[in-house]
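Colleague:
Residue numbers (my numbering): 135 to 270.
1) Once the 5 residues before and after residue 155 are set aside, which same chain residues still bring their CB inside 7 Å of it?
2) Please classify residue 228: does DSSP put it in a helix, a strand, or coil?
3) Express the C-alpha separation of residue 135 and residue 264 in angstroms, rounding to a whole number.
4) Let's test the definition: count the other Cβ atoms within 10 Å of the Cβ of residue 186 and tell me whether it reaches 16, buried, or not, exposed.
5) Helix, strand or coil for residue 238 per DSSP?
6) Between 266, 153, 141, 151, which lies nearest to residue 245 when the distance is taken from Cα to Cα?
7) To the nearest angstrom, how far is the alpha carbon of residue 191 from that of residue 139?
8) Skipping 5 residues on each side, what residues in its chain have a beta carbon closer than 8 Å to that of residue 239?
9) Measuring only between beta-carbons, confirm whether residue 197 sits less than 8 Å from chain C.
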């Protein structure tokens, strides 16, 4: 029986299938449903869990080379929320120091979603807080 790390079997199954240059979407509670990709829904209630909670758990085992996020995130969230996301992004630099964060218009962000291996939905309520992680 797993005692540490990610205990959710559906999340572990999804992560185990991600390979070189595959992408994973981590989304908020209201992000649209996509028929093309697998969705693991972790949302319990508004705000639980947060996208940053999932990023924190992933950082030790998921080698990320690139992160995408909507540029609208910067103009719609308070400084402390932005700083928390940036700190979580920096946490991935231990496994990949050249990590690249790209912020693009939300509509362009959504065009990348169908190419992902899967999507993990959270209870996060941060506007435009969704991220796409590309494995190295």
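Don't be surprised by glycine CBs; every beta carbon is placed ideally from N, CA and C.
As the structure is a computational prediction, the values presented were derived from the model and not from experiment.
Modeller: From the atom records:
1) As a working note, residue 155 is residue 21 in the chain shown. Cβ-Cβ distances below 7 Å link residue 155 to 268, 269 in the same chain, with the five nearest sequence neighbours on each side left out; the list follows chain order.
2) Locating residue 228 in the chain shown gives position 94, counting from the first residue. In this structure, residue 228 counts as helix in the three-state DSSP scheme.
3) The residue labelled residue 264 in the question sits at position 130 within the chain shown. The residue labelled residue 135 in the question sits at position 1 within the chain shown. CA-CA distance, residue 264 to residue 135, rounds to 31 Å.
4) Along the chain shown, one-based indexing puts residue 186 at 52. That one is buried.
5) Numbered from 1 along the chain shown, position 104 holds the residue referred to as residue 238. Reduced to three states, the DSSP call for residue 238 is strand.
6) In the chain shown, the residue the question calls residue 245 occupies position 111. Here the closest residue by C-alpha is 266.
7) Taking the first residue of the chain shown as 1, we reach residue 191 at position 57. Taking the first residue of the chain shown as 1, we reach residue 139 at position 5. Roughly 7 Å separates the two Cα atoms.
8) Within the chain shown, residue 239 is the residue found at index 105, counting from 1. These residues qualify, in order along the chain: 204, 205, 206.
9) No chain C is present in this structure, which holds just one protein chain.
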